[in-house]
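K.L.:
My numbering numbers the first residue of the sequence shown as 0 and each following residue consecutively. Every residue gets a Cβ at the ideal spot worked out from N, C-alpha and C, and that includes glycine. Every value quoted in this text rests on a predicted model; they were computed, and no experiment measured them.
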Amino acid sequence: MEQIRGNESRLRARLRELVEIESPSDDRAAVNRAADVVVNWVLELGGEVRRHPGGSYGDVVELRFGAASHHKPVLVLGHLDTVYSAGTLTTMPWREVEAEDGVRLQGPGVVDMKAGVVMALEAIAALQQLNALNRPVMVLLNPDEEVGSEVSRPHTERLARESDAVFVLEPAQGLAYKTARKGVGHFELTVSGVAAHAGVDFASGHSAVLEMARLVEQVSGWTDLSKGRTVNVGVIRGGTRSNVIAAECKAEVDVRVVTMEDAGVVEEMFRGLRTHDAACKLRVEGGINRPPMERSPGTVALFQKAQRLAAEIGLDLQEAATGGGSDGNFTAAIGVPTLDGMGAVGGGAHSPNEYVVAAHLVVRTALLAGMLQSGF
Ligand SMILES: [Zn+2]
0 MEQIRGNESR LRARLRELVE IESPSDDRAA VNRAADVVVN WVLELGGEVR RHPGGSYGDV
60 VELRFGAASH HKPVLVLGHL DTVYSAGTLT TMPWREVEAE DGVRLQGPGV VDMKAGVVMA
120 LEAIAALQQL NALNRPVMVL LNPDEEVGSE VSRPHTERLA RESDAVFVLE PAQGLAYKTA
180 RKGVGHFELT VSGVAAHAGV DFASGHSAVL EMARLVEQVS GWTDLSKGRT VNVGVIRGGT
240 RSNVIAAECK AEVDVRVVTM EDAGVVEEMF RGLRTHDAAC KLRVEGGINR PPMERSPGTV
300 ALFQKAQRLA AEIGLDLQEA ATGGGSDGNF TAAIGVPTLD GMGAVGGGAH SPNEYVVAAH
360 LVVRTALLAG MLQSGF
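1. How would you call Glu95, buried or exposed, if buried means at least 16 neighbouring beta carbons within 10 angstroms?
2. State the CB to CB distance for the pair Val73 and Val167, rounded to an integer number of angstroms; the pair is presumed to be in contact (CB under 8 angstroms).
3. Can you list, in chain order, the residues of its chain with a C-beta nearer than 7 angstroms to that of Gly327? Leave out the 5 residues immediately preceding and following it.
4. If you measure from the CB of His196, is any heavy atom of ligand 1 nearer than 7 angstroms?
5. Answer yes or no: the CB of Glu144 versus the heavy atoms of ligand 1, is any distance below 7 angstroms?
6. Span of the beta strand (DSSP E) holding Phe269?
7. Tell me where the alpha helix (DSSP H) around Asn141 begins and ends.
8. Ligand 1 and Ser22: does any heavy atom of the ligand fall closer than 7 angstroms to the residue's C-beta?
9. Ligand 1 heavy atoms versus the CB of Glu353: any closer than 7 angstroms?
10. In chain order, what residues of the same chain lie with their CB nearer than 6 angstroms to the CB of Gly106, ignoring the 5 residues before and after it?
11. Runs of 3 residues minimum, wholly inside the segment 22-62: which ones carry the beta strand (DSSP E) assignment?
12. Any idea what DSSP makes of Val232, helix, strand or coil?
13. Tell me, which residues are paired with Gln384 by DSSP?
14. Taking Glu19 as part of the alpha helix (DSSP H), name the residues at either end of that continuous run.
15. For His69, name the three-state secondary structure that DSSP assigns.
16. Find out if the Cβ-Cβ distance for the pair Ala245, Ser206 is shorter than 8 angstroms.
17. Between Ala262 and Gly182, how many whole angstroms is the CB-CB distance? I'm expecting something under 8 angstroms.
18. Buried or exposed for Ser84, going by 16 or more other Cβ atoms inside 10 Å?
19. Please report the residue range of the beta strand (DSSP E) in which Asn288 lies.
20. Between Arg134 and Gly65, is the Cβ-Cβ spacing less than 8 angstroms?
21. Do the CB positions of Val37 and Val60 come within less than 8 angstroms of each other?
22. Near Glu21, which residues of its chain fall below 7 angstroms by C-beta distance, leaving aside the five closest residues on each side in sequence?
23. Do you know whose CA, among Arg15, Glu311, Cys248 and Asp253, lies nearest Arg282's CA?
24. Kindly indicate which three-state DSSP category Asp111 falls into: helix, strand or coil?
25. Looking only at C-alpha atoms, which of Glu144, Val48 and Leu44 sits nearest to Ser325?
26. What are the boundary residues of the alpha helix (DSSP H) that Glu1 is part of?
27. In the segment 79-130, which residue ranges form an unbroken alpha helix (DSSP H) of at least 4 residues, counting only runs that do not cross its ends?
28. How many Å lie between Ile3 and Ala125 at the Cα?
29. Nearest to Val356 by alpha carbon, out of Gly173, Ser148 and Gln128?
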């Protein structure tokens, strides 16, 4: 803790530096500029760097610290991309403002999750200073988390399979670590009907809009809050003019589930969907693309260790579940104990008010450092 407190000004300066390099997921060069800066810090720490080209996205950055030992490594997961487009800094510059919870550090991506990335490197630096890095630590920084992690997912899963545990640097849930996340699905429904003049030839038309309305009602009914399952038709578009019976209608559906079993059930329900009007055709695409991070015994054990360490530094750490997905969903689904929400305390992620509460930075980094040490 003292080591980290001694480096707090560096931590905050680096956080500002990283926030001031905008890095929207869809801008490869920008994300790579952020990666370049982080890689320089890593080289100062003597870490090993491997950069895997991410195609149309920035590089997937794989970092390794600590000598090989009989302990398996732990994997720390972060991402360098943000949801903010280039130029956001002009309306959302770095700011340090007084609030009821103390100084808030504001800027695009500050809590989700540039603070987490900086915290991880400070945790490792402190352990190195104390000669206390007693097992290999791998850090994976992804360029595409905010757009579904398509490019980084194989790297995340490959490194997770080598690891004892996975720690995810996403923001805390309030003050809590996250031990469960819902699985996330995305489905697209396309209905093809039969177009006709709404006045002259009504009877020969089959409305794709009307059919979709029935389907929307049906799939929305699959929401079951007691199971934690939600089905949200968030986008619908169809038809061309009010006097034309609509030939086509599309809908986009977001699905959240708590268990793998329920993920299978919901996928079956979508596959089994049929039109009510036999003259209309239906195409169903998509599926569950982030499996749920279930609250497994391995994850509970990690959380209990975190809770003991937290108590030693005067912190009452709680656990929480969330409906949002992260890269932790992938590692938990392949059976590696995963603890999430280990990054900064703050709020307003993906909004103009995104902030980190500065007062928690040192203590959360100390807790992360404790978790990186072996001994469960
Ligand atoms: Zn994030």
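P.N.:
On the basis of the supplied data:
1. exposed
2. With a Cβ gap of about 11 angstroms, Val73 and Val167 do not count as contacting.
3. Leu76, Val165, Val167, Arg180, Met292, Thr337 and Asp339
4. no
5. yes
6. That residue, Phe269, is in no beta strand (DSSP E); its alpha helix (DSSP H) goes Met259 to Arg270.
7. That residue, Asn141, is in no alpha helix (DSSP H); its beta strand (DSSP E) goes Val136 to Asn141.
8. no
9. no
10. Val18 and Trp93
11. 47-53
12. strand
13. In this structure the chain extends from 0 to 375, so residue 384 is not present and cannot be described.
14. No alpha helix (DSSP H) contains Glu19, which DSSP labels as neither H nor E.
15. coil
16. yes
17. 5 angstroms
18. exposed
19. Lys280 to Arg289
20. yes
21. yes
22. Ala29, Tyr83, Ala85, Thr87, Leu88 and Pro107
23. Cys248
24. helix
25. Glu144
26. Glu1 to Gly5
27. 87-90 and 114-128
28. 6 angstroms
29. Gly173
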